[in-house]
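Chemist: In the numbering used here, the protein residues as written are -10 to 627.
Every residue gets a Cβ at the ideal spot worked out from N, C-alpha and C, and that includes glycine.
Just so we're clear, the structure is a prediction, and the values are computed from it rather than from any experiment.
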Amino acid sequence: MPIVRSTGCYALVSACAAMQIAGCGGSDADNHSAVNDLKIVTSPDYPSLVCEEQMVPARDGTRLKTYVYRNNKTTGKMPTLMIRSPYSRLYGEKCFSGYHFENLVSYAKDGYVAVVQSSRGTFMSEGTFKPIDQEGQDGYDAIEWAASQPWSSGKVGMKGASYFGLTQWQAAIKRPPHLVAIAPDITASDYHDNWTYQNGVFDLWFNVSWTAGAFEADQIIRKLTASGAPQSTIDAQAAAWTAEVAQNVDTTWPNTLPLTSLQVMNADQPFYLEWLKTPTYDASWERIDIENKYGTLDIATLTSGASYDIFSVGSARNFQGMKKAAATAAARNNAKLVWRAYGHSVDSGFPTFGNDTPDPSIEKRFFDYHLKGVANGFDREPPVRIYVLVPPDSGQTGSGFWMTGDDFPLPGTVSTRYYMGSGGSANTRSGDGFLSPTPVTTGATFDSFAYDPNKPVPTVGGNVCCFASPTNAVRGGAQEQASVEQRPDVLVYTSNRMDRDMPVIGNVRASFWASSSAVDTDFTMKLVDVRPDGSTHNVVNRIVRASYRAGSKLPRQLLTADGATKFELDLGPTAIIVPKNHKLRVQISSSDFPHYARNLNTGLDSNSTEQIKTAQQRIFHDANHQSFIELPVAPITR
């Protein structure tokens, strides 16, 4: 392989200036020398380590930027631990600095060979970036390349969060022979349903902010560098793009209709438009779906998830899928889960819930056991570690505690229902909606509200990702719900005070009956904790498109206008104590914007039209149409 150019900031300097990325600028203390047609880099800050900087070919000849870190004082064969990432420029990656190096340096010092590879079409890697699709084959090739090196023991593991978790699963489902263990953190399981869409609704904020914030500047820099543009031009255009993102990402762009008309990213990021044009699960989504491939996998997994993470549903499904359906008893028995609070939300919002950082030795013991063969007893440790949230009675400072268990949800968990009812006016928190632990057979038969897509319910809290909202239009994690619950297009149902602590650990589900004047519309549901002082915060929430009510992998089914239709909705997993004297609350509406794209109520593909209708919605709760929320109440005490 040819020698690549010397380490430095490359075009990342523009990203550092425009995007405020650390890890670039100033003098480079690394020492470089070319050896055996690759570049050897050393650093006085890490005297025991050597960084091999090289371009590793995939099977089609496309060369991918790769850093290999080895302990020069360790002899013999060593296992490999790998991160594959599209964010190397964003994270200031180079030998001996950058986010990925910092996540692997302790392993490189301790008898592992650490490998960081940039995804095809990103940073200094050749090719064209096509997220998700490319990572399976390229990951397979990288794993088998590492296993074939003279320093390799033949055992390879992978680690990392979010997209780095995606690169692990995509490689794993290609079944490279030398992949032994993976530790995917806060990542998805089905890239149609809980990455790009949610029950048929486009995850607008994630896809717009992620595409614009994570990739476009890198693509601008790549194109200009390839054209020979001067550094001043590269810096200026990267800075201009960053300014454009800040001005438009939570204002103009989410409001653009039709969604497919937002062309600003399509030249460099064609996948965004492709995803908008394929809302129905098809062969392209099936090919990259993890959920239908657990039964083919024979690897150890340490899955991490979080209650307020955008991919909480996927993290829980990945653990459950491997524990129940992996190809071998060894893989099933070696499926572990660490469940935190925050994830992509960075923090929980308000209230806070303390420090959810897990024991850092868990991951190290996992890899030592599976890749080094260290008899540390990791296989005998509990399969599940959970951080349980405890809201305060007043104020904004909650707490939490760690516990262990045998499964998620915990064995002995009991499904507990709360039924919705009202006198016919459940609109706003001042209405007469209530939650009852027994079926409701009296009172009004339904509540109603008007859903106008021109006046959507704003996103206040929830499992959002990934970039800060410049105008604060998107607030993730736990948030006070007063502004939402004062709207007449939000139905509110509230329980009596809890007479004891209620530990809710697992997926919250709902069954409800609804009708609409539209042939297609959306319904949202949110579970809320109400504290004794009257303050509130969201616990879990999700959305469902009526035409995908039978399942996101099934064909669309339009509604019969104004006919009562049953909906089953998984609101996602959580781990929380609803304390004594707190109340439960359920919100129902039809929008959560700009987290989710608006349903325009026409029955047409809402991604490709700008026609808008107002829909008249009803939620039923009579003896023949019981609507309820179902909580997984765990057999624990705090």
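Starting from Gln629 and walking both ways along the alpha helix (DSSP H), at which residues does that stretch end?
Modeler: There is no way to answer for residue 629, as the model of the chain reaches only from -10 to 627.
Chemist: Can you tell me where the beta strand (DSSP E) with His526 in it begins and where it stops?
Modeler: Within the sequence shown, residue 526 is the residue found at index 537, counting from 1. Segment 525 to 534, the beta strand (DSSP E) holding His526.
Chemist: Out of Thr554, Pro426, Ser504, Arg627, state which residue places its alpha-carbon closest to the alpha-carbon of Gly574.
Modeler: The sequence position of residue 574 within the sequence shown is 585, counting from 1. Looking at the sequence provided, one finds Arg at residue 574 rather than Gly. Here the closest residue by C-alpha is Pro426.
Chemist: Excluding the five sequence neighbours on either side, which residues of its own chain have a C-beta within less than 7 angstroms of the C-beta of Asp99, listed in chain order?
Modeler: The sequence position of residue 99 within the sequence shown is 110, counting from 1. There are no such residues.
Chemist: Give me the Cα-Cα distance between Lys119 and Gly125, rounded to the nearest whole angstrom.
Modeler: For the purposes of this step, residue 119 is identified with residue 130 of the sequence shown, where counting begins at 1. For the purposes of this step, residue 125 is identified with residue 136 of the sequence shown, where counting begins at 1. If I take the Cα positions, the gap works out to 12 angstroms.
Chemist: Could you tell me the boundaries of the alpha helix (DSSP H) in which Met629 lies?
Modeler: Summary: the structure shown does not reach residue 629, with the chain confined to residues -10 through 627, and so no result is reported for it.
Chemist: Per DSSP, Tyr408 forms a beta bridge with which residues?
Modeler: Indexing the sequence shown from 1 puts residue 408 at position 419. For Tyr408, which the question treats as bridged, DSSP gives the partners Ser425, Phe617.
Chemist: Would Val643 pass as a contact of Trp199 if the rule is Cβ separation under 8 angstroms?
Modeler: The requested residue 643 does not occur in the structure, where the chain is confined to residues -10 to 627.
Chemist: Based on Cα-Cα distance, which residue from Gln220, Ile532, Ile171, Ala415 lies nearest to Asp353?
Modeler: Along the sequence shown, read from residue 1 onward, the residue named residue 353 stands at position 364. First, the amino acid is wrong: residue 353 is Lys here, not Asp. The option with the nearest alpha carbon to Lys353 is Ile171.
Chemist: For Ile629, which residues in the same chain have their Cβ closer than 7 angstroms to its Cβ, ignoring the five residues on either side in sequence?
Modeler: Nothing about residue 629 can be read from this structure; the chain reaches only from -10 to 627.
Chemist: Looking at Arg329: is its Cβ nearer than 8 angstroms to the Cβ of Pro340?
Modeler: The residue labelled residue 329 in the question sits at position 340 within the sequence shown. The residue labelled residue 340 in the question sits at position 351 within the sequence shown. Going by C-beta atoms, Arg329 is not nearer than 8 angstroms to Pro340.
Chemist: Output the boundary residues of the beta strand (DSSP E) element that contains Arg645.
Modeler: An answer regarding residue 645 cannot be provided, because it is not within the stretch -10 to 627 covered by the chain.
Chemist: Quick one: what does DSSP say Asp511 is sitting in, helix, strand or coil?
Modeler: Residue 511 sits at position 522 when you count from the first residue of the sequence shown. Strand.
Chemist: Report the CB separation of Ser631 from Val449 in whole angstroms; it is logged as a contact under 8 angstroms.
Modeler: Outside the modelled stretch of the chain, which goes from -10 to 627, sits residue 631, for which no answer is possible.
Chemist: Assuming contact is defined by CB atoms lying nearer than 8 angstroms, are Lys515 and Asn530 in contact in what I supplied?
Modeler: For this step, residue 515 is matched to residue 526 along the sequence shown. For this step, residue 530 is matched to residue 541 along the sequence shown. Yes, the Cβ-Cβ distance between Lys515 and Asn530 is below 8 angstroms.
Chemist: On the three-state DSSP scale, how would you describe Trp199?
Modeler: Residue mapping note: residue 199 aligns to position 210 of the sequence shown, counting from 1. The answer is helix: DSSP assigns Trp199 an H, G or I state.
Chemist: Quick one: grab the DSSP three-state call for Met(-10).
Modeler: For the purposes of this step, residue -10 is identified with residue 1 of the sequence shown, where counting begins at 1. Only weak support exists for where Met(-10) lies, its pLDDT of 25 falling under 50; the value from the coordinates is given anyway. In this structure, Met(-10) counts as coil in the three-state DSSP scheme.
Chemist: Arg520 and His571 - do their beta-carbons sit closer together than 8 angstroms?
Modeler: As a position in the sequence shown, residue 571 is number 582, starting the count at 1. As a position in the sequence shown, residue 520 is number 531, starting the count at 1. It is a contact, given that the beta carbons lie within the stated cut-off.
Chemist: State buried or exposed for Gly523, treating a residue as buried only when at least 16 other CB atoms are found within 10 Å of its CB.
Modeler: Position 534 of the sequence shown holds residue 523. Gly523 is exposed by the Cβ-count criterion.
Chemist: Could you tell me which uninterrupted alpha helix (DSSP H) segments, each at least 4 residues in length, are contained entirely in the segment 119 to 183, listed from first to last along the chain?
Modeler: Within the segment 119 to 183, complete alpha helix (DSSP H) segments of at least 4 residues are found at 124 to 136, 152 to 161, given in chain order.
Chemist: So, helix, strand or coil for Val363, using DSSP?
Modeler: Stepping through the sequence shown from its first residue, residue 363 is reached at position 374. It is coil, neither helix nor strand.
Chemist: Using alpha carbons as the reference points, say which of Gly128, Tyr88, Tyr80, Pro139 lies closest to Thr64.
Modeler: Along the sequence shown, one-based indexing puts residue 64 at 75. Selected option, being the one with the closest Cα: Pro139.
Chemist: Can you grab the Cα-Cα spacing for the pair Ser95 / Ser107, in whole Å?
Modeler: Here residue 95 is taken as the residue at index 106 of the sequence shown, counted from 1. Here residue 107 is taken as the residue at index 118 of the sequence shown, counted from 1. C-alpha of Ser95 to C-alpha of Ser107: approximately 20 angstroms in a straight line.
Chemist: Ends of the alpha helix (DSSP H) at Lys353?
Modeler: Here the question's residue 353 lines up with position 364 in the sequence shown. Residues 350 to 356.
Chemist: Take Asp421 and list the residues in its own chain whose beta-carbon comes closer than 6 angstroms to its own, dropping the five residues that flank it on each side.
Modeler: On the sequence shown, position 432 is the one that residue 421 refers to. These residues qualify, in order along the chain: Ser411, Gly412, Ser414.
Chemist: Can you name, in chain order, every residue of its own chain whose Cβ lies under 6 angstroms from the Cβ of Pro(-9), other than the five neighbours on each side?
Modeler: For the purposes of this step, residue -9 is identified with residue 2 of the sequence shown, where counting begins at 1. A caution first: Pro(-9) carries a pLDDT of 26, below 50, which makes its placement in the model unreliable, though a value can still be read off. Excluding positions up to five away in sequence, the list is empty.
Chemist: If you draw a straight line from the C-alpha of Ala227 to the C-alpha of Tyr440, how long is it?
Modeler: Along the sequence shown, one-based indexing puts residue 227 at 238. Along the sequence shown, one-based indexing puts residue 440 at 451. So the two alpha carbons sit approximately 40 angstroms from each other.
Chemist: Give the list of continuous alpha helix (DSSP H) stretches no shorter than 4 residues that lie fully inside the segment 58 to 85.
Modeler: Taken in chain order, the segment 58 to 85 contains no complete alpha helix (DSSP H) segment of 4 residues or longer.
Chemist: Sorted by chain position, which residues of the same chain lie with C-beta nearer than 6 angstroms to Arg545's C-beta, five sequence neighbours on each side aside?
Modeler: Looking up residue 545 in the sequence shown gives position 556. The residues are Ser536.
Chemist: With Gly146 and Arg534 assumed to form a contact (beta carbons below 8 angstroms), what rounded beta-carbon distance in angstroms separates them?
Modeler: Position 157 of the sequence shown holds residue 146. Position 545 of the sequence shown holds residue 534. Going by Cβ atoms, the distance from Gly146 to Arg534 rounds to 39 angstroms, so no, they are not a contact pair.
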